[in-house]
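Per the numbering used here: the sequence shown = residues 382 to 604.
A virtual CB, placed ideally from N, CA and C, is assigned to each residue, including glycine.
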Amino acid sequence: MASLTVENYVKAILQVGKKSGADLVSPGALATRLGVSPGSVTSMLKTLAESGLVSYVPYEGVRLTAAGHKLATRMVRRHRLIELFLHNTLNLTWDQVHQEAEELEHAVSEFLVDRIDEYLGHPGADPHGAPIPAADGQMRGDTASTVTLAVCEIGERVRFVRVVNQEPDFLRYLSDSGFQLGKVGAIVENSHDAGVIRTEIEGQQFTVGLRAAQSILVERAIS
């Protein structure tokens, strides 16, 4: 049975790798993601390599093996199903569920996770729009057609499908601005000089910086 630390590391490798698109995940990127020292990362990567969960190239980076990818996907599945369960059944807001799920994902059994999945109707996405893996590891949600809000042009209509940044303050700001996943909005300003993008949703406008807009995924050309 994998330890909490091992589970956190393989999940971080999977998520950092998907975000960067690189073949190898750098130790520095992992250190930043996990909030630990580079030395601690190097030591842990050696341990993971010895366990057969990663392939580690010193001074270059790390990639998951088939076994490591399976474990990482299982952790992502647990996390996102727990988030949705807390949101749908206990009415926790989307800015509250992430940290709770971080704690609970290491304690639940696979039996309980499968029952949660069944109870929720085998959902495709968590409260932030992130796709949920099925029990066999296949992703249910499809984000292939999405782009970041930051690249959208004035006049475009978009549907909001996912928020990658799960910082509670940011999520609360979006909620207070009338933002909801699934809603359709129109781009009314995208200023590189000012560094902001402004969107109107059902007569209410919200503004985010272009950097923050990179963490909001949308579907374009919505009629």
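Asked: Cβ contact check for the region 403 to 422 and the region 434 to 443: 3 or more pairs under 8 Å; Found: yes
Asked: Tyr437 and Lys451 closer than 8 Å at C-beta; Found: no
Asked: Three-way DSSP call (helix, strand, coil) for Phe560 in this model; Found: coil
Asked: With 16 other Cβ atoms within 10 Å as the buried cut-off, status of Leu569; Found: In the sequence under discussion, the amino acid at residue 569 is Val, which differs from the Leu named in the question. When all chains shown are included, Val569 counts as exposed.
Asked: C-alpha distance - Glu464 paired with Ser490, whole-angstrom precision; Found: 15 Å
Asked: Check whether Gly559 and Glu583 have beta carbons under 8 Å apart; Found: yes
Asked: Three-pair Cβ contact test at 8 Å for the region 416 to 426 versus the region 476 to 489; Found: no
Asked: Beta-carbon proximity list for Lys564, same chain, < 8 Å, skipping 5 on both sides; Found: Arg540, Phe541, Ile582 and Glu583
Asked: Exposure of His503, with buried meaning 16 or more beta-carbon neighbours within 10 Å; Found: exposed
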